[in-house]
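Engineer: So that we are looking at the same thing, I have put the structure below in structure tokens.
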Amino acid sequence: MIYQFNFIKDRNLRYSCQLWALESKWTCVTRFNRVFDHLPFEKRLELETESVKFAHMPLVRHCLSRMDEQRRLQMLQQYPYQVLRIYLFWPCQALFTDAAAIVKDSLPNRSFLKLIHTVICQKILPGWRDCDYVDLLRRFWREGAEHCKEYVKGDGIFEILTVILEGKGFRTHLRSGVPRRYLTHAGTLTENTRRCINLTMLNDN
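Note that UniProt numbering numbers the sequence shown so that position 39 is 39, with each residue one more than the last.
What follows is the structure, given as structure tokens:
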């Protein structure tokens, strides 16, 4: 009898969750709620796709972690810049190189450039050590499409990119301070990083 009561209670709870989920206004915050799982499958896909498209980082990371491999691949192919940008941040960096290889022929020049800026201005110059970003950058550049590389050569980031790729004393002389000519967005390292974040948050897809 108790078992039957619990079954009815659980069933009613699930039904209530479904109603609440359908009527709720889903925001970047509420999509972390477990009730999100009670949405109809098509509605969940729609909201997950919307989240990836507009690239709210914590939310996209959460959505990608919920997806199966096929669904993540679909999102990567549909929104390559947004997904690759997420993969440059902890704890997803190990996924970046393989994912970039999948979309290297379809990645727009501008997206390739913005990813270069993200790695250099937001990771390497500020000194992040949660990943070997120098090695990641070298592999990304080596495996990138030639037309993307030609596009980057016309940007101000190319000088410091060349220094990093060729390893010309980068690890030693930049530890004591980043030369101003390598700050492509602003005159100080902190402001350069902040402006780069604002610029690279804009979507390319």
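From the three backbone atoms N, C-alpha and C, an ideal C-beta is built for every residue, glycine too. Because the structure is a prediction, the values reported are computed rather than measured.
Provide the residue span of the alpha helix (DSSP H) that contains CYS131, from first to last.
Structural biologist: The residue labelled residue 131 in the question sits at position 131 within the sequence shown. Here CYS131 belongs to no alpha helix (DSSP H), and DSSP marks it neither H nor E.
Engineer: Roughly how many angstroms lie between the CA atoms of ARG194 and GLN70, to the nearest whole one?
Structural biologist: What you label residue 194 is simply residue 194 of the sequence shown in a count that begins at 1. What you label residue 70 is simply residue 70 of the sequence shown in a count that begins at 1. Distance from the CA of ARG194 to the CA of GLN70, rounded to the nearest whole angstrom, comes to 34 Å.
Engineer: Am I right that THR97 and PHE140 are in contact with their C-beta atoms under 8 Å? What's the rounded C-beta distance?
Structural biologist: Along the sequence shown, one-based indexing puts residue 97 at 97. Along the sequence shown, one-based indexing puts residue 140 at 140. That belief holds up - the Cβ atoms of THR97 and PHE140 are roughly 7 Å apart, short of 8 Å.
Engineer: For GLU146, which residues in the same chain have their Cβ closer than 7 Å to its Cβ, ignoring the five residues on either side in sequence?
Structural biologist: Against the sequence shown, residue 146 aligns to sequence position 146. Contacts found: none.
Engineer: Starting from PRO108 and walking both ways along the alpha helix (DSSP H), at which residues does that stretch end?
Structural biologist: Start at 1 with the first residue of the sequence shown, and residue 108 comes out as number 108. Counting along the chain, PRO108 falls outside any alpha helix (DSSP H), and DSSP gives it neither H nor E.
Engineer: In the structure shown, what three-state DSSP assignment does PRO40 receive?
Structural biologist: One-based indexing of the sequence shown puts residue 40 at position 40. Coil at PRO40, not helix or strand.
Engineer: What does the alpha-carbon distance come out to for the pair ALA186 and ILE160?
Structural biologist: The residue you call residue 186 lines up with position 186 of the sequence shown. The residue you call residue 160 lines up with position 160 of the sequence shown. If I take the Cα positions, the gap works out to 15 Å.
Engineer: At the level of alpha carbons, what is the spacing between PHE125 and LEU189?
Structural biologist: Here residue 125 refers to the residue found at position 125 of the sequence shown. Here residue 189 refers to the residue found at position 189 of the sequence shown. As written in the sequence, residue 125 is Leu, which differs from the Phe given in the question. Answer to the nearest angstrom: the Cα atoms are 8 Å apart.
Engineer: Would you mind stating whether SER111 and TYR81 have Cβ atoms separated by less than 7 Å?
Structural biologist: As a first step, residue 111 is located in the sequence shown; it is residue number 111 there, counting from the start. As a first step, residue 81 is located in the sequence shown; it is residue number 81 there, counting from the start. A Cβ-Cβ contact shorter than 7 Å links SER111 with TYR81.
Engineer: Can you have a look at LYS153 and say buried or exposed, based on whether 16 or more other CB atoms are within 10 angstroms of its CB?
Structural biologist: For the purposes of this step, residue 153 is taken as residue 153 along the sequence shown, with counting starting at 1. Flag for LYS153 reads exposed.
Engineer: Have a look at LEU136 and LEU39 and give me their C-alpha separation to the nearest angstrom.
Structural biologist: For this step, residue 136 is matched to residue 136 along the sequence shown. For this step, residue 39 is matched to residue 39 along the sequence shown. Roughly 38 Å separates the two Cα atoms.
Engineer: Is it the case that the Cβ atoms of ILE102 and ARG61 are separated by a distance below 7 Å?
Structural biologist: The sequence position of residue 102 within the sequence shown is 102, counting from 1. The sequence position of residue 61 within the sequence shown is 61, counting from 1. Cβ distance not < 7 Å, so ILE102 and ARG61 don't count as in contact.
Engineer: Among residues of its own chain, excluding the 5 on either side of ILE197, which ones have a beta-carbon nearer than 8 Å to its beta-carbon?
Structural biologist: For the purposes of this step, residue 197 is identified with residue 197 of the sequence shown, where counting begins at 1. Correct list, in chain order: GLN122.
Engineer: Is any heavy atom in the ligand FMN found nearer than 6 Å to the beta carbon of GLN122?
Structural biologist: This structure does not include the ligand FMN; it has no bound ligands of any sort.
Engineer: In whole angstroms, give me the CA-to-CA distance for ARG181 and THR118.
Structural biologist: For the purposes of this step, residue 181 is taken as the residue at position 181 of the sequence shown. For the purposes of this step, residue 118 is taken as the residue at position 118 of the sequence shown. Near 17 Å, if we compare the C-alpha coordinates of THR118 and ARG181.
Engineer: With DSSP as the reference, label LYS153 as helix, strand or coil.
Structural biologist: On the sequence shown, residue 153 is found 153 positions in, with the first residue counted as 1. The answer is coil: DSSP assigns LYS153 none of H, G, I, E or B.
Engineer: Between GLU42, CYS92, THR49 and CYS148, which has its C-alpha nearest SER106's C-alpha?
Structural biologist: Taking the first residue of the sequence shown as 1, we reach residue 106 at position 106. Ranking GLU42, CYS92, THR49 and CYS148 by Cα distance to SER106 puts CYS148 first.
Engineer: Does the distance from the CB of TRP90 to the CB of ASP132 come in under 7 Å?
Structural biologist: For the purposes of this step, residue 90 is taken as residue 90 along the sequence shown, with counting starting at 1. For the purposes of this step, residue 132 is taken as residue 132 along the sequence shown, with counting starting at 1. No.
Engineer: Less than 7 Å separating the beta-carbons of LEU115 and ARG138?
Structural biologist: Taking the sequence shown and counting its residues from 1, the one referred to as residue 115 is at position 115. Taking the sequence shown and counting its residues from 1, the one referred to as residue 138 is at position 138. No, the Cβ-Cβ distance between LEU115 and ARG138 is not below 7 Å.
Engineer: In whole angstroms, what is the alpha-carbon distance linking THR200 and GLU42?
Structural biologist: The residue given as residue 200 occupies position 200 in the sequence shown. The residue given as residue 42 occupies position 42 in the sequence shown. The straight-line gap from Cα to Cα measures roughly 30 Å.
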